[in-house]
Amino acid sequence: MNNPKKIAVFVSGGGTNLQALIDAEQNGIIKSGKISLVVSNNANAYALERAKKANIPTVYLNKKELGGQNGFENALKSVLKEKGIDLIVLAGFMSILSINFTKDYEKRIINVHPSLIPSFCGKGFYGLKVHECALEKGVKVTGATVHFVNEIPDGGEIIMQKAVYIKPSDTPETLQKRVMEQAEWKILPKSVEKVCKKLK
Ligand code: GAR
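Our numbering applies: residue 32 is where the sequence shown begins, and numbers increase by one.
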């Protein structure tokens, strides 16, 4: 691909989804885009180490130091403009973006969520909590969803989903691991390629 789209990946934690994207770029699953920046709101996120190992530039932004949500989002916008970013991927990014940010990137922000939306999603549903709720409810099938991001948490158009069966012996931790391995790490890279390919 001559002119790959520039991708920024936003992270907050371990970064296994970021790793899946890095691997997918290396093995050709992502060919219409290039991970050009990793942004974290957590200075200690292991995802930052993964980015450094892959020679991807990183930026850490501290919401408090930037004066709260507005300052944080303005700083994000200027970093993204400076780097000429075309697509933003939220990969375990544990901060909700307001309409002031999302309106500038309509259909250019995607997120991976560890359930089959519209189940177990929205404000307060993130990380392990999602799997705890799925087990509490007793659902037999869960999975992951990749969707476009708008101002409604987990409310944007769905791009891809993959189902994962729940086992009677599952704990939130075993379920989280299986949903990542069987669903998130597969549909996130595929969705990124699909969206990059269509971007003008
Ligand atoms: C992933 O399971 C991701 O789907 C989830 O957090 C985990 C991050 O793991 N995201 C959300 O819950 C967002 N609502 P990672 O840092 O290893 O990719």
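For every residue, glycine included, the Cβ atom is placed at its ideal position computed from N, Cα and C.
Model, not experiment: these values are computed from the prediction.
> Does ligand 1 have a heavy atom nearer than 8 Å to the CB of Asn142?
Replying inline: yes
>> Here's the rule I'm using: 16 or more other beta-carbon atoms within 10 Å means buried, otherwise exposed. How should Pro149 be labelled?
In response: exposed
> Quick one: any contact between the region 171 to 181 and the region 122 to 140, if contact means 3 or more CB pairs under 8 Å?
Replying inline: yes
>> Spatial neighbours of Asn73 within its chain, please: C-beta separation below 6 Å, excluding the five flanking residues on both sides.
In response: Ser43
> Would DSSP call Asn105 helix, strand or coil?
Replying inline: helix
> Cβ-heavy atom distance between Thr232 and ligand 1 below 8 Å?
Replying inline: This structure gives no information on residue 232, because the portion of the chain shown stretches from 32 to 231.
> So what does DSSP say about Thr205, is it helix, strand or coil?
Replying inline: helix
> Cα separation between Leu121 and Asn34?
Replying inline: 22 Å
>> What would DSSP say about Ser67, mapped onto helix, strand or coil?
In response: strand
>> By alpha-carbon positions, which one of Leu219, Val172 and Ser146 ends up nearest to Ser161?
In response: Looking at the sequence provided, one finds Val at residue 161 rather than Ser. Here the closest residue by C-alpha is Ser146.
> In whole angstroms, what separates the C-alpha of Lys37 from that of Pro220?
Replying inline: 14 Å
> Between Lys84, Asn75, Ser67 and Ser129, which lies nearest to Lys112 when the distance is taken from Cα to Cα?
Replying inline: Ser67
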